[in-house]
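Student: Got a structure for you, written out below as structure tokens; questions coming shortly.
And the structure:
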């Protein structure tokens, strides 16, 4: 972190120490409708991502496709 100009004097924390709590937060967000499980295949993710020279799908097209699934 020092190379970013941030000097931390506290304990070192690892996200893996909190996976159970992070998992519980994720479940809570999903239950509240504030998050969802992305079930795209690896190929679909590549399609949405685009390339260095070509953009992927727009957020609007993703929302339209999502609404077609009836999830909304």
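In this note's numbering, the protein residues as written are 5 to 76. By construction, the Cβ of each residue, glycine as well, lies at the ideal position given by its N, Cα and C atoms.
With distances taken Cα to Cα, identify the nearest neighbour of residue 41 among 70, 23, 58, 63.
Tutor: Comparing Cα positions, the closest option is 70.
Student: What residue does the alpha helix (DSSP H) around residue 33 start on, and which one ends it?
Tutor: Note, residue 33: alpha helix (DSSP H), 23–35.
Student: Express the C-alpha separation of residue 34 and residue 28 in angstroms, rounding to a whole number.
Tutor: If I take the Cα positions, the gap works out to 10 Å.
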